[in-house]
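FYI, in the numbering used here the residues of the sequence shown are 24 to 606.
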Amino acid sequence: MEKLINLQLLEKLYNKNCTSNKGFKYAYGTAGFRYNADVLNTVMFTTGILSVLRSIYLQNKTIGIMITASHNPPQDNGVKIVEPMGEMLDQSWESIATDLANSASNSYNDFITYLNHLIKDKGIDLIDTSNGIGSVIVGRDSRESGPRLLETVLDAVYCFQHDSTERVSKILDAGILTTPQLHYLVYKTNVAKTLEKNEIGIGCYFDDFTRAWLDLCELYGFSTEHLKFALTIDAANGVGGFQMEKMISLLFTSCKTTVDGGNSTNISIVNNDWQKPNLLNNKCGADYVKTNQCLPNGVVSNSKFSTGGENTQKLNCSFDGDADRVIFYYQDNENKSSFHLLDGDRISTLFAKFFQHLLKESGLLDASDNDIKVGVVQTAYANGNSTKYITEVLKMDVSCTPTGVKHLHHEAVEKYDIGIYFEANGHGTIVFSEKIKSLVNNSMSNGNKALKTIEIFTRLINRTVGDAISDMLGVLAVLCILNLTPQDWYNEYSDLPNKLIKVVVPDRTVFKTTNAERQLVSPAGLQGKIDELVSSYGADSRSFVRASGTEDAVRVYAESSTKEMAESLAEKVGQLVSNCCGE
Ligand code: 16G
Ligand code: ZN
24 MEKLINLQLL
34 EKLYNKNCTS
44 NKGFKYAYGT
54 AGFRYNADVL
64 NTVMFTTGIL
74 SVLRSIYLQN
84 KTIGIMITAS
94 HNPPQDNGVK
104 IVEPMGEMLD
114 QSWESIATDL
124 ANSASNSYND
134 FITYLNHLIK
144 DKGIDLIDTS
154 NGIGSVIVGR
164 DSRESGPRLL
174 ETVLDAVYCF
184 QHDSTERVSK
194 ILDAGILTTP
204 QLHYLVYKTN
214 VAKTLEKNEI
224 GIGCYFDDFT
234 RAWLDLCELY
244 GFSTEHLKFA
254 LTIDAANGVG
264 GFQMEKMISL
274 LFTSCKTTVD
284 GGNSTNISIV
294 NNDWQKPNLL
304 NNKCGADYVK
314 TNQCLPNGVV
324 SNSKFSTGGE
334 NTQKLNCSFD
344 GDADRVIFYY
354 QDNENKSSFH
364 LLDGDRISTL
374 FAKFFQHLLK
384 ESGLLDASDN
394 DIKVGVVQTA
404 YANGNSTKYI
414 TEVLKMDVSC
424 TPTGVKHLHH
434 EAVEKYDIGI
444 YFEANGHGTI
454 VFSEKIKSLV
464 NNSMSNGNKA
474 LKTIEIFTRL
484 INRTVGDAIS
494 DMLGVLAVLC
504 ILNLTPQDWY
514 NEYSDLPNKL
524 IKVVVPDRTV
534 FKTTNAERQL
544 VSPAGLQGKI
554 DELVSSYGAD
564 SRSFVRASGT
574 EDAVRVYAES
584 STKEMAESLA
594 EKVGQLVSNC
604 CGE
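Listed below in structure tokens is the structure:
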């Protein structure tokens with residue numbers, strides 16, 4: 024350890040960063056560490072250390088660190104580690120990240136003891152560093168605490184200094200960017216096998232996605248300036264708006280965006296005050312709209328929009344604070360009941376219909392030995408009617424996994440050649456297997472438009488993780504290509520009325536589930552009572568209970584054939600949960 028880690032500096036910087044909230048217990052949750060920003064210094068320091076070790080362990084591949092708390096309120100922040108190909112941290116390292124943080128939270132001695140154990144246990148070679156001594160890219164969202172927490176991560180990385188060669192670990196501060204941009208940058212850096220400053224920058228993200236979009240425009244003869252509808256993007260006052268502005272300037276040759284309101288252009292960004300961090304996710308953003316089923320601040324109701332005397336359809340979308348989620352919606356008039364939500368389930372079903380159509384057109388399905396597997400991955404929160412639509416109308420395969428993108432992503436990669444996955448909250452993407460990519464590339468020379476479209480989509484969609492900007496472009500493209508209005512999209516099926524509530528209990532860890540979180544195995548006997556209750560609400564009814572991975576609460580989801588029944592079922596299941604904790 025002495026060879027590579029400057030122990031004197033490590034102790035000094037530990038004392039600087041890890042002593043303010045001794046004894047705090049951290050846990051790497053569904054999407055990394057996420058807490059009030061005041062208690063994060065220790066875990067930022069240990070995450071910096073762990074990321075360099077992970078990089079050395081993986082033969083010096085570049086690792087990403089994203090400082091964000093997504094849709095959480097402004098006073099929170101968090102951190103997650105990104106793997107070399109842009110995936111979420113390997114699950115077996117999540118508990119290591121937790122243990123390292125908690126050892127540092129205890130004392131310097133515990134920290135050093137655990138660090139030594141980890142290095143030994145994983146066989147991380149800190150003596151022969153001929154492969155390199157670690158490389159890390161760090162990014163952050165627009166939160167006020169971001170620069171302070173970044174400093175702590177940088178302190179940690181600077182502890183890795185090779186004493187004889189004077190080399191230090193490579194670190195690129197990628198600045199303020201969206202979570203999916205950071206994932207993409209890490210992936211591109213590893214593909215290019217370099218992390219020299221200025222060589223691979225975030226420019227690659229804009230180049231690649233703009234190229235794909237413009238290729239589609241050319242293939243189908245539509246242009247960004249003349250979309251059939253007007254789009255308002257609610258950027259949640261987060262980093263997505265600022266990055267989207269850059270994207271727009273590349274996508275639109277003559278169209279100008281207008282901020283806050285928009286008038287005569289077909290695209291506008293509202294809630295774009297990313298430099299006022301206290302406004303982040305405040306009455307706006309994907310989570311607010313999905314939870315409250317209403318328009319966010321700054322988006323006006325009406326489904327028509329006047330452009331040059333013409334009435335154009337109006338569509339809105341909301342990003343979350345770090346722009347890895349997107350949901351769409353429109354509202355016909357001031358009446359809230361005319362609010363129509365096009366959430367992650369609807370994005371999945373739209374893409375599923377689209378790829379089914381493309382595959383038929385492409386001729387790839389004609390050769391039976393191609394055996395192309397296309398499917399949708401959902402969680403238990405997917406509306407029952409979306410699942411029915413995919414299986415009964417599209418006759419396509421559906422898989423269900425536990426909540427959390429890493430589970431959906433893994434399933435989509437393992438099971439399908441074209442795997443479409445979205446959580447109902449709008450987080451998701453499409454993954455394409457190497458097999459489908461080579462089938463497409465090998466047959467493309469005959470000018471087949473459908474094949475060319477699939478090829479462009481493999482570049483338009485962010486392969487690494489759900490990405491609000493890239494998913495939004497994907498949806499716009501599908502609507503243009505299939506010639507669908509937002510209303511057509513909405514009318515493909517109708518959602519079952521549903522209700523999601525939160526129940527605060529003394530200890531949520533006693534709620535253990537199986538069958539992709541759809542059934543409880545503990546507390547004993549509770550599932551039987553839920554089943555009995557659900558069966559009394561009729562055939563279309565369903566309810567499940569799971570402990571939240573991000574909040575100290577238990578979530579109860581219910582759906583039924585009417586709104587009143589869904590609400591009553593959720594409430595009664597909630598009571599069962601409370602009663603069972605009181606017993
Ligand atoms: C995190 C997850 C999200 C999931 C949510 C569930 C990632 C990147 N994010 O935000 O996918 O839907 O947690 O929250 O995995 P819950 O456990 O509190 O219901
Ligand atoms: Zn997010």
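No residue lacks a Cβ here, since even glycine has one placed at the ideal position from N, Cα and C. In this text, all values refer to a predicted model and were calculated from it rather than measured experimentally.
Next item on the list: Identify which residue in Gln184, Gly109 and Ala259 has its Cα closest to the Cα of Gln204.
Entry: Gly109
Notebook entry, point to check: Are the CB atoms of Met267 and Ala258 nearer to each other than 8 Å?
Noted result: yes
Checklist line | Limits of the beta strand (DSSP E) - the one that Ala253 falls within | finding: Phe252 to Asp257
Item checked: Coil, strand or helix - Gly52 by DSSP -> strand
Item checked: From Asn448, His433 and Gly449, residue whose alpha carbon lies closest to that of Phe442 -> The question names Phe, but residue 442 is Gly in the sequence shown. Measuring from the Cα of Gly442, the nearest candidate turns out to be His433.
Check: Beta-carbon separation of Val577 and Val600 under 8 Å?
Finding: yes
Next item on the list: For Val600, verify whether its CB is less than 7 Å away from any heavy atom of ligand 1.
Entry: no
Notebook entry, point to check: Which residues does DSSP pair with Ala60 in a beta bridge?
Noted result: None; Ala60 has no bridge partner.
Note to self: Within a Cβ cutoff of 8 Å, which residues of the same chain sit near Leu318, ignoring the five residues on either side of it in sequence?
What the structure shows: Val312, Ser324, Asn339, Tyr352, Gln354 and Phe362
Notebook entry, point to check: How about Cys307 and Asn260: do their beta carbons lie closer than 8 Å?
Noted result: yes
Item checked: Simplified DSSP state of Ser341, which is helix, strand or coil -> strand
Checklist line | Among Cys227, Leu200, Asp151 and Phe183, nearest to Pro170 - alpha-carbon criterion | finding: Leu200
Next item on the list: Kindly give me the distance between the Cβ atoms of Ser422 and Lys438, rounded to whole angstroms, as I take these residues to be in contact under 8 Å.
Entry: 6 Å
Item checked: Proximity test, Asp99 beta-carbon vs ligand 2 heavy atom, cut-off 7 Å -> no
Next item on the list: Give the DSSP-derived three-state secondary structure of Val577 in the structure shown.
Entry: strand
Check: Buried or exposed: Asp347, going by 16 or more other Cβ atoms within 10 Å of its Cβ?
Finding: buried
Margin query: Is the beta carbon of Thr508 closer than 8 Å to that of Gln336?
Written below: yes
Check: Can you tell me whether Ser78 is buried or exposed, with buried defined as 16 or more other CB within 10 angstroms of its CB?
Finding: buried
Check: How far does the alpha helix (DSSP H) with Ser558 in it reach, from first residue to last?
Finding: Leu549 to Ser558
Next item on the list: Could you tell me if Ala390 is buried or exposed, where buried requires 16 or more neighbouring beta carbons within 10 angstroms of its beta carbon?
Entry: exposed
Margin query: Just to confirm before moving on: does the CB-CB distance between Leu543 and Lys535 stay below 8 Å?
Written below: yes
Notebook entry, point to check: With a cut-off of 8 Å, do at least 3 Cβ pairs link the region 167-182 to the region 144-156?
Noted result: no
Note to self: Mapping the DSSP letters down to three states, classify Thr536 as helix, strand or coil.
What the structure shows: strand
Notebook entry, point to check: Thr402: beta carbon under 7 Å from a heavy atom of ligand 2?
Noted result: no
Check: When the Cα atoms are used, what is the spatial distance from Lys475 to Leu382?
Finding: 11 Å
Check: Which whole-angstrom value describes the C-beta separation of Tyr404 and Ala375, a residue pair presumed to lie in contact below a C-beta threshold of 8 Å?
Finding: That pair is no contact at about 17 Å.
Notebook entry, point to check: Anyone know if the C-beta pair for Asn304 and Gly367 falls short of 8 Å?
Noted result: no
Check: How far does the alpha helix (DSSP H) with Ile370 in it reach, from first residue to last?
Finding: Gly367 to Ser385
Margin query: Pop quiz: Asn100 and Ser43 are said to be a contact at Cβ under 8 Å. What is the actual Cβ separation, rounded to whole angstroms?
Written below: About 15 Å separates the two Cβ atoms, so there is no contact after all.
Note to self: Please identify the residue among Phe134, Arg369 and Phe229 whose C-alpha is closest to the C-alpha of Tyr516.
What the structure shows: Arg369
Margin query: Under 8 Å, with one C-beta from each stretch per pair, do the region 583-590 and the region 518-533 reach the 3-pair mark?
Written below: yes
Next item on the list: Starting from Gln542, trace the beta strand (DSSP E) both ways and give me its first and last residue.
Entry: Gln542 to Ser545
Notebook entry, point to check: Sorted by chain position, which residues of the same chain lie with C-beta nearer than 7 Å to Gly331's C-beta, five sequence neighbours on each side aside?
Noted result: Residue placement at Gly331 is poorly supported in this model, since its pLDDT is 49, which falls under 50; the coordinates still yield a value, given next. Cβ neighbours of Gly331 beyond the five flanking positions: none.
Margin query: On a Cα-Cα basis, can you pick out the residue from Lys48, Asp151, Asp133 and Thr202 that is closest to Arg163?
Written below: Thr202
Notebook entry, point to check: Residues in its own chain within less than 6 Å of His206 by CB, not counting five upstream and five downstream?
Noted result: Val105, Gly109, Thr487 and Val488
Item checked: Cα-Cα separation between Asp420 and Ser371, rounded to whole angstroms -> 12 Å
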